[in-house]
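Since the structure comes first, as structure tokens, the remarks are kept for the end.
Residue numbers (our numbering): 25 to 176.
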């Protein structure tokens, strides 16, 4: 499972939680199920956190694609229109950064609802990749703001 936010092992059973699926491995056999979140049974906030993390990460990905398209367009249009697209991309990079931070933070906090008495953090590859992506997005946002000032 590539989008593992959290992984725990108890004896010979490994449980991995992602944003979309939960997988159980026992004796080399892995079974995955979709995470269904009926709002009426959300006693500990697990489903709320899953849904918030899904929404923010999905929006961050979509807006990142739109930002890339705007940057590509900036390279091929005249300077007056390019300035408008430049402002749009600067705003979008900032919005993507904020959404990514919220999505990764809420996704990481899911572990608190699953294991409230545990002091050990077992973040999976999905969380680590998300945190690295937020770091890269932070650098890109700083670069974009710096580039904006140098264009004047």
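In this text, a Cβ means the ideal position worked out from N, Cα and C, and glycines have one as well.
Can you find the residues in the same chain that come closer than 6 Å, C-beta to C-beta, to residue i, ignoring five residues on each side of it along the sequence?
i, result
"residue 31", "40, 146 and 148"
"residue 49", "38"
"residue 140", "none"
"residue 68", "137"
"residue 54", "47"
"residue 112", "94"
With DSSP as the reference, label residue i as helix, strand or coil.
i, result
"residue 56", "strand"
"residue 49", "strand"
"residue 100", "coil"
"residue 161", "helix"
"residue 61", "coil"
"residue 69", "coil"
"residue 36", "coil"
Quick one: what's got a C-beta closer than 8 Å to residue i's C-beta in the same chain, skipping five residues either side?
i, result
"residue 129", "none"
"residue 101", "109"
Who are residue i's beta bridge partners in DSSP?
i, result
"residue 30", "41 and 147"
Among the options, which one has its Cα closest to the Cα of residue i?
i, options, result
"residue 125", "94, 158 and 69", "158"
"residue 121", "108, 135 and 162", "162"
"residue 155", "166, 123 and 61", "123"
"residue 152", "166, 164, 165 and 127", "127"
"residue 56", "68, 104 and 43", "43"
Under 8 Å by Cβ, that's how I've got residue i and residue j pegged, so tell me the actual separation to the nearest angstrom.
i, j, result
"residue 87", "residue 119", "6 Å"
"residue 36", "residue 51", "6 Å"
"residue 134", "residue 70", "6 Å"
"residue 116", "residue 82", "About 15 Å; that fails the 8 Å criterion."
"residue 24", "residue 58", "Outside the displayed range of the chain (25 to 176) lies residue 24, so it cannot be described from this structure."
I'd like the list of long-range same chain contacts for residue i, defined as Cβ closer than 7 Å, with 5 residues on each side in sequence excluded.
i, result
"residue 73", "130, 133, 134 and 137"
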